[in-house]
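Enquirer: Structure incoming, see below.
Residue numbers (the UniProt record's numbering): 1 to 792.
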């Protein structure tokens, strides 16, 4: 029933398994990729015909994570996977970018690639598996795909060693998280975040990953040898050469002159006029021929631009290959934002703002790994007016999500730790003009906006976009590419970093790949351009502001013992809600006892801090406190002198003079100042008001005279008590304890005189039969307060 084909390969010391023929057999190609216990299924389908008037390649890639893969149920009301998350969108782009250039020019059949995570072990990341599975499915599908590609993730340890297929822990502890894809001969795509790696270290990581991806390519080829379907036949192109020759004659030197105009608006108008003969010549042609003429016209334009750069080193706007357009940067551009900047490079401009928030503003992410929280967000918007067009305006597109994440990766390594700067940070980039790399403008503007907001970055970050013109063995790397150079060139190579090293690298190739030599030249030239941009940025702001904006919340931290957390929170959160309500400050408590107090008013922060300190602090004898009378009793008053802690002010400690009635002096709720006299072994607290100035809180000298001695002088000797038995005054012979339920008389012994001071006691009990006293007389007890002649 099943014709299952399987191949295996080594990937970072683990077994990569590729299988086809078991599931999704009606797709053009379907492959299950397994690494450890992570499993990804990728299915590829392609339309057999092209839609009329189709003039582009409609490739669609969807990556989806099933929560069941990690044994989880999705959150939210519907409890099912819904719209694509940011990670799913970014992974879809990771798959799309390296495979799109490998379809033949002129192939316009719709292709759909769907990769789904079926099992996730928490160790082996599914994005790499999805890229490999997509490549394998396309390779065996019969669709004209000039692959395969392999993929790899590379880490870089603190000891300077490259790690293939690193775990999340190794990435967090290391200096690099790089994903790359490539054919057996060249690198196709790179996406990375780094902690200021040098150009040589970054290039080494790309080459290390490419070597591993070549082994993956070999495994895919082995699978294709067993299971590949018959390749599609593509129609021969017999018209293109003739059409292209005709277009050259019609264009004359109009296109070259148009591309010699520096200004974008003027250049666009001149190009439109130069291409008018094309449209007139093919206005009455059949749709297929007219479409082919349009595509060949674009190719003619590309040849003109590329030839000028390779032969003369002259670019569209007149610059040389290494020249960077004029830069203007300004900070504190928006008066109410916590931090802001406007960054303009040529005809590319970004307004970037930074907003600071408390812990409750962190972004909650629900993914396969479970719930996680992010304290740094960067959002990028690209409205249609930025390129002078009319278009859709609304929710962010895949492109906007990807560009924002690239800028996020560039800035993230330079952020201070949560302990150093306990704020949630949101950077918002609005592109207002675009003719070049707006994502790199976002990096530059984002760095300035955060420094303007008082975020203590480890170093300023700048970004630059590089381009490539490749014709055979001849190539030219160009710095700070324009939009047209991006469209007509062969590479989009973006590098961001500080003066010390690279923090992010992204590369997309439109040809079959680039070599190590080209990448080395591009990285060196990007370093030179990055240094220039950093110098221009420093003219606007070269350091982080020491003071936060007056509109930003202040956050201060304090540490309390873990066993005191419950007291600060209170039953059902009662105490912490009271603190927030009374002081007006926001209070967040971490499990380790770290408390963050936030408010734009320092007085509110101090009030909340004092309140919390009072809850967790231990009473110190000799300290003066301000408290409130909680309860009044006949012998004094109980005062709450610290949150949750009461002490007794005895009536004798209220004033130096005698107080007949406590309520004449104090009332419940009254604020008083007290000195802590003593905390006894049982935790009872003695307080005093009389030794504290009730207005100033200053300690007063104790002027109360010492107590006078009792009348009669000192007590005399207690006297002999006679024999008490048990070695305390004489033998204490006892008779039998009970006879028939009673005691024998005389069993406890007689006591002698007690002494002069307290009078003599008569016989205590003479005993008797049963439970009575001898002779039937009642026992005589002298009350304890009677002394001398008062005793019976």
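For every residue, glycine included, the Cβ atom is placed at its ideal position computed from N, Cα and C.
Fair warning: this is a prediction, and the values are worked out from it, not measured in the lab.
1) Pull up the distance between the alpha-carbon of residue 82 and that of residue 88, whole angstroms please.
2) Grab me the residues of residue 402's own chain with a C-beta within less than 7 angstroms of its C-beta, minus the 5 sequence neighbours each way, in chain order.
3) Can you tell me whether residue 242 is buried or exposed? The criterion is at least 16 other CB atoms within 10 Å of its CB, across all chains shown.
4) Can you tell which of 392, 264, 352, 63 has the C-alpha that lies nearest to the C-alpha of residue 378?
5) Which residue comes first and which comes last in the beta strand (DSSP E) that contains residue 470?
6) Among residues of its own chain, excluding the 5 on either side of residue 587, which ones have a beta-carbon nearer than 7 angstroms to its beta-carbon?
7) Assuming contact is defined by CB atoms lying nearer than 8 angstroms, are residue 338 and residue 157 in contact in what I supplied?
8) Taking DSSP's pairing of strands, which residues face residue 646 in a bridge?
9) With a threshold of 7 angstroms on Cβ separation, who are the neighbours of residue 130 within its own chain once the five nearest residues in sequence on each side are excluded?
10) On the criterion of 16 or more Cβ atoms from any shown chain inside 10 Å, does residue 345 qualify as buried, or is it exposed?
11) Measuring alpha carbon to alpha carbon, tell me which of 648, 257, 246, 385 ends up nearest residue 685.
12) Which first and last residues belong to the alpha helix (DSSP H) in which residue 92 is found?
13) Report back the beta-carbon spacing between residue 141 and residue 220 to the nearest angstrom; my notes put them in contact at under 8 angstroms.
14) Can you give me the Cβ contacts of residue 524 inside the same chain, cut-off strictly under 7 angstroms, excluding the 5 residues immediately before and after it?
15) Give me the Cα-Cα distance between residue 17 and residue 32, rounded to the nearest whole angstrom.
16) Whose C-beta lies closer than 7 angstroms to the C-beta of residue 656 among residues of the same chain, with five residues either side of it excluded?
17) Would you call residue 815 buried or exposed, if buried means 16 or more other Cβ atoms sit within 10 Å of its Cβ?
18) Between which residues of its own chain and residue 332 is the CB-CB distance below 7 angstroms, once the five residues before and five after are set aside?
19) Roughly how far, in whole angstroms, is the beta-carbon of residue 411 from the beta-carbon of residue 461, given that I think they are within contact range, below 8 angstroms?
20) Given a threshold of 16 other Cβ atoms within 10 Å of its Cβ, counted over all protein chains shown, does residue 627 qualify as buried or as exposed?
21) Apart from the five residues on each side of it in sequence, which residues of its chain come closer than 7 angstroms, Cβ to Cβ, to residue 294?
22) Given a cut-off of 8 angstroms on the beta-carbon distance, is the pair residue 494 and residue 467 in contact?
23) Go to residue 301, then tell me how far its alpha helix (DSSP H) extends in each direction, as first and last residue.
24) Assuming the contact rule is C-beta atoms closer than 8 angstroms, residue 122 and residue 369 should be a hit. Round their C-beta distance to whole Å, please.
25) Answer yes if the region 609-627 comes into contact with the region 666-678, meaning at least three C-beta pairs across the two stretches below 8 angstroms, and no otherwise.
26) Around the Cβ of residue 815, are there at least 16 other Cβ atoms within 10 angstroms (buried) or fewer (exposed)?
27) Going by the beta-carbon positions, is the gap between residue 490 and residue 521 smaller than 8 angstroms?
28) Closest to residue 394 by C-alpha separation, out of 441, 382, 556, would be which residue?
29) From this set, 590, 658, 556, which residue's C-alpha is nearest residue 603's C-alpha?
30) Is it true that the CB of residue 508 sits closer than 8 angstroms to the CB of residue 492?
31) With distance defined between alpha-carbon atoms, name the residue in 19, 667, 611 nearest to residue 225.
32) Helix, strand or coil: how does DSSP classify residue 19 here?
33) So, for residue 192: in the same chain, excluding its five sequence neighbours on each side, which residues have a beta-carbon less than 6 angstroms away from its beta-carbon?
34) With distances taken Cα to Cα, identify the nearest neighbour of residue 545 among 455, 255, 110.
35) Can you tell me which of the three DSSP states residue 487 falls into?
36) Spatial neighbours of residue 693 within its chain, please: C-beta separation below 7 angstroms, excluding the five flanking residues on both sides.
Expert: On the basis of the supplied data:
1) Roughly 11 angstroms between the two C-alpha positions.
2) Cβ within range, chain order: 90, 93.
3) Of the residues assessed, residue 242 falls on the exposed side of the cut-off, its CB having fewer than 16 other CB atoms within 10 angstroms.
4) Answer by Cα proximity: 352.
5) Its beta strand (DSSP E) spans residues 462-471.
6) Only residues of its own chain outside the window of five on either side were considered, and among them 576, 579, 580, 595, 597, 608 have a CB closer than 7 angstroms to the CB of residue 587, listed in chain order.
7) Inclusion of residue 338 and residue 157 in the CB contact set at 8 angstroms is not warranted, their separation being larger than that value.
8) According to DSSP, residue 646 shares a beta bridge with 640.
9) Setting aside the 5 residues that flank it on each side, residue 130 is surrounded in the same chain by 40, 42, 63, 91, 95, 115, each with a C-beta closer than 7 angstroms to its C-beta; the list follows chain order.
10) Of the other Cβ atoms in all chains shown, 16 or more fall within 10 Å of the Cβ of residue 345; this residue is therefore buried.
11) With distances taken between Cα atoms, residue 685 lies closest to 648.
12) Judged by DSSP secondary structure, residue 92 falls within the alpha helix (DSSP H) whose first and last residues are 86-99.
13) Not quite, the Cβ-Cβ distance comes to about 12 angstroms (not below 8 angstroms), so this is no contact.
14) Excluding sequence neighbours, residue 524 sits near 199.
15) Looking at the two C-alpha atoms, the distance is approximately 8 angstroms.
16) These residues qualify, in order along the chain: 690, 703, 704.
17) It is not possible to answer for residue 815, since the shown part of the chain is limited to 1 through 792.
18) Hits under 7 angstroms: 340, 452.
19) Their Cβ separation, rounded to whole angstroms, is 6 angstroms, which keeps residue 411 and residue 461 in contact under 8 angstroms.
20) Burial call: buried.
21) Closer than 7 angstroms at Cβ, skipping near neighbours: 55.
22) No.
23) Here the alpha helix (DSSP H) through residue 301 covers 287-312.
24) With a Cβ gap of about 7 angstroms, residue 122 and residue 369 count as contacting.
25) As far as the Cβ criterion goes, the region 666-678 touches the region 609-627, which means the pair count is three or higher.
26) This structure leaves residue 815 out entirely; the chain is present only between 1 and 792.
27) Judged by beta-carbon spacing, residue 521 lies beyond the 8 angstroms limit of residue 490, meaning their Cβ atoms are not closer than that value.
28) Residue nearest to residue 394 within the set 441, 382, 556 is 382 (criterion: CA-CA distance).
29) Among 590, 658, 556, the Cα nearest to that of residue 603 is on 556.
30) Yes.
31) Of 19, 667, 611, the residue nearest in Cα terms is 19.
32) In this structure, residue 19 counts as strand in the three-state DSSP scheme.
33) 178, 505, listed in sequence order.
34) Among 455, 255, 110, the Cα nearest to that of residue 545 is on 455.
35) Residue 487 falls in the helix class under three-state DSSP.
36) Around residue 693, the same chain offers 700 as residues with beta carbons nearer than 7 angstroms, after the five sequence neighbours per side are excluded.
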